[in-house]
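Student: Counting along the sequence shown from 1, when you hit position 48 you're at 53 in my numbering, and nothing is skipped either side.
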Amino acid sequence: MQEEMQQLIELQSLDMEIQTMTTQKAAREQELEVLETEQSRIEGMVEELQTKVGELESECRELELSLTQERDNMVRAEERLPAIKTQKEYVAVLKEIDSAKKFEKEIGEQIEVKQTEMGGYVSDRDEKMAELEELKEKASTRLDEIRAESTDLVKNLEKQQSAREGLFAKLRKPMQRKYQLLSERRNGLAVVQAVQGACQGCNMHLPPQLFNTLLRVDEIQACPHCNRLLYVAEG
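1) Within the present structure, is the beta-carbon of residue 175 separated from the nearest heavy atom of the ligand ADP by less than 7 Å?
2) Just the C-alpha distance for residue 241 and residue 144, rounded to the nearest angstrom, thanks.
3) Considering Cα atoms alone, identify which of 33, 164, 153 is closest to residue 20.
4) DSSP on residue 82, reduced to helix/strand/coil?
5) Is the CB-CB distance between residue 141 and residue 64 below 8 Å?
6) Between the C-alpha atoms of residue 238 and residue 209, what's the straight-line distance to the nearest angstrom?
7) Assuming residue 50 contacts residue 175 (C-beta within less than 8 Å), just tell me the rounded distance between them.
8) Please return the same chain residues whose Cβ sits closer than 7 Å to the Cβ of residue 48, not counting the five positions on each side in sequence.
9) Starting from residue 200 and walking both ways along the beta strand (DSSP E), at which residues does that stretch end?
10) Using 8 Å as the threshold, is the segment 79-88 in touch with the segment 29-36, meaning 3 or more CB pairs across them?
11) Under 8 Å between the Cβ atoms of residue 236 and residue 220?
12) Quick one: grab the DSSP three-state call for residue 211.
In structure tokens form, the structure reads like this:
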């Protein structure tokens, strides 16, 4: 019984190590996901801002083209003035020129508004691009660390799981089933130490007779309160 109890203690220790490493591995994976999500979020913002800048640039080009055409029309109209012979035609051309000047002013104001708006988007885009570059730089270093840590964790996990399988196979079939059931029902903690007459799994006091039996290691005992398997540390 003492040999089997020792196997159970070692098995429990391995399971706790495996559980810890599994948790650490999951934490690394989550951190990796957070970094990638944040990077994608900022990249999306940069792309959205760049699209808006592109749209405003296109609108400005169209307005500038209209402005150029309007100025050309105005110049042609002014060039016609010396050749005009009637007062009526002269007044009509002056109105045409005046209308063109007003339209020119309106287009110029629209261009100014668009350029101001575009300047704000460019500033936001550049700010986000700088933020993205900083994040990429930090993430690159951390990603390398995470990958190295994850690789080590996977190797150690495989090693510990292999050792666990070998140790578990040494137990009697009934004990395998009992250990597995307890582990599933007690959050991975099937074997615990009894210290100063109390179970360290549930912190309940054990009957004195049971504690004395544990000291002799005549047979494997379970806590009457939580059913975990008990042992007393040597010495």
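Ideal Cβ positions, reconstructed from N, Cα and C, are used throughout, including at glycine.
Only a predicted model underlies this, so the values are computations on that prediction, with no experimental measurement involved.
Tutor: In short:
1) What this structure holds is no ligand at all, so the ligand ADP is not there to describe.
2) Lying before the first or after the last residue shown, residue 241 is absent from the chain, which here runs from 6 to 240.
3) Closest by alpha carbon: 164.
4) Reduced to three states, the DSSP call for residue 82 is helix.
5) Their beta carbons are not under 8 Å apart, which means residue 141 does not touch residue 64 by this criterion.
6) Cα to Cα, residue 238 sits roughly 18 Å from residue 209.
7) About 58 Å separates the beta carbons of residue 50 and residue 175, which is beyond the 8 Å limit, so they are not a contact pair.
8) Around residue 48: 137.
9) Note, residue 200: beta strand (DSSP E), 196-200.
10) As far as the Cβ criterion goes, the segment 79-88 does not touch the segment 29-36, which means the pair count is below three.
11) For the 8 Å CB-CB criterion, residue 236 and residue 220 do not form a contact.
12) Residue 211: coil per DSSP, three-state reduction.
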